[in-house]
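Asks: Sharing a structure, written as structure tokens. Questions coming.
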Amino acid sequence: MKVNVQSVNFNADVKLVDFIQERLDKLEHFYSKIINADVYMKVQKTSAPENKIIEVRLFVPGEDLIASKTCKSFEQCIDECSDALERQLKKRKEKQNSH
């Protein structure tokens, strides 16, 4: 799956981009028709420790799936986003199988 990573106001580390690619590739086990994914990473300028935001948009036939999380680290954000997208993909697959 092709993953487009965009980081706003900072440069993403290669290790972070590889980690994101690896986590999102695992979603293909649950739903094989994923076309590609867009990942937007932002850092809020706040005093709160949870200032990292990741928004993931999966392009699948029909309606796109979106998950957005705010956490202390980008790794934690992508883990939570991929878990949320996994649930959405399973739900979509169940709906298709029931028809």
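The opening position of the sequence shown corresponds to residue 1 in the UniProt record's numbering, with each subsequent residue numbered one higher.
We put the beta carbon where it would ideally sit given N, CA and C, even for glycine.
What residue does the alpha helix (DSSP H) around Asp13 start on, and which one ends it?
Replies: Premise fails: Asp13 is in no alpha helix (DSSP H) and is neither H nor E.
Asks: Under 8 Å: do the region 86-98 and the region 37-44 share three or more Cβ pairs, one atom per stretch?
Replies: Because the criterion of three Cβ pairs below 8 Å is not met, the region 86-98 and the region 37-44 do not touch.
Asks: As a quick exercise: from Asp64, Ala37, Lys69, pick the residue whose alpha carbon is nearest that of Asn51.
Replies: Looking at the Cα atoms, Lys69 is the closest of the given residues.
Asks: Cutting at 7 Å between CB atoms, please list the residues of its own chain near Pro61, excluding the five before and the five after it.
Replies: Lys33
Asks: Within its chain, find whatever has a CB closer than 6 Å to the CB of Gln6; leave out the 5 residues flanking it on each side and keep chain order.
Replies: So the qualifying residues of the chain are Tyr40.
Asks: Nearest-angstrom Cα distance between Arg57 and Lys45?
Replies: 23 Å
Asks: According to DSSP, simplified to helix, strand and coil, what is Phe30?
Replies: If DSSP states are grouped into helix, strand and coil, Phe30 belongs with coil.
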